[in-house]
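A short write-up of the structure that comes next.
In structure tokens form, the structure reads like this:
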């Protein structure tokens, strides 16, 4: 098992780096993994020095021994996704839900749509398999309340702190009805794509 963060490296800057660092630090503490601040800073400096003036996907990982590693790849440019609703298995370990680890079995699917949109057994809309959900209704943007039931993304947090995203829960029945009546639009939030359009297949 490893903890990881995926980020945009763009023109000698890693976007939302402080938020990513804070999240992985908190996860290390919760999962009793040593976080070496000096090693982290050394890896970040190495990346910035060796990949100047580039637009890339950056993945930083910390293993159970606290070792930091990274991967650089091309940044995906997909900005439109399809998704379908899937009920989250009640047996999923809470730590796997709220921390970004390589234990992602609960997010596996057959890719008949690009994404899956999870909801719990009570019907609360939670998150996509690769990011948080944003629902636009009446010119206001909403995202579900965190109740120890999904991964809080850095893009979600950034938009909340900017005041452009408010907290509101949707249950599946209401969500589907509003989709069918074209009362809401749905978007994916994640640090790589920032905000992307999603079409929900019902």
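Numbering (the numbering used here), first residue to last: 1 to 202.
Ideal Cβ positions, reconstructed from N, Cα and C, are used throughout, including at glycine.
Which partner residues of residue i appear in the DSSP bridge assignment?
{"i": "residue 60", "result": "5 and 70"}
{"i": "residue 166", "result": "142"}
{"i": "residue 131", "result": "128"}
{"i": "residue 187", "result": "134 and 197"}
{"i": "residue 81", "result": "198"}
Applying the criterion that 16 or more other CB atoms from any shown protein chain within 10 Å of the CB defines a buried residue, is residue i buried or exposed?
{"i": "residue 52", "result": "exposed"}
{"i": "residue 165", "result": "buried"}
{"i": "residue 107", "result": "buried"}
{"i": "residue 29", "result": "exposed"}
{"i": "residue 13", "result": "exposed"}
{"i": "residue 201", "result": "exposed"}
{"i": "residue 170", "result": "buried"}
Apart from the five residues on each side of it in sequence, which residues of its chain come closer than 6 Å, Cβ to Cβ, to residue i?
{"i": "residue 136", "result": "185"}
{"i": "residue 178", "result": "184"}
{"i": "residue 55", "result": "10 and 75"}
{"i": "residue 156", "result": "132, 143 and 189"}
Excluding the 5 residues preceding and the 5 following residue i in the sequence, name in chain order all residues of the same chain whose CB lies nearer than 7 Å to its CB.
{"i": "residue 168", "result": "142"}
{"i": "residue 148", "result": "94 and 98"}
{"i": "residue 39", "result": "68"}
{"i": "residue 64", "result": "1 and 33"}
{"i": "residue 175", "result": "125"}
{"i": "residue 90", "result": "121"}
Anyone know if the C-beta pair for residue i and residue j falls short of 8 Å?
{"i": "residue 191", "j": "residue 16", "result": "yes"}
{"i": "residue 48", "j": "residue 158", "result": "no"}
{"i": "residue 3", "j": "residue 62", "result": "yes"}
{"i": "residue 236", "j": "residue 198", "result": "Because residue 236 is not part of the residues shown, which for the chain are 1 to 202, the question remains open."}
{"i": "residue 88", "j": "residue 70", "result": "no"}
{"i": "residue 154", "j": "residue 113", "result": "no"}
{"i": "residue 5", "j": "residue 100", "result": "yes"}
{"i": "residue 134", "j": "residue 195", "result": "yes"}
In this structure, how does DSSP classify residue i when only helix, strand and coil are distinguished?
{"i": "residue 181", "result": "coil"}
{"i": "residue 47", "result": "helix"}
{"i": "residue 140", "result": "strand"}
{"i": "residue 146", "result": "coil"}
{"i": "residue 32", "result": "coil"}
{"i": "residue 107", "result": "helix"}
For residue i, collect the residues of the same chain with a Cβ closer than 8 Å to its Cβ; drop the 5 residues on either side in sequence, then sort them by chain order.
{"i": "residue 86", "result": "109, 116, 117, 118 and 119"}
{"i": "residue 150", "result": "97, 98, 118, 126, 127, 132 and 144"}
{"i": "residue 79", "result": "193, 196 and 197"}
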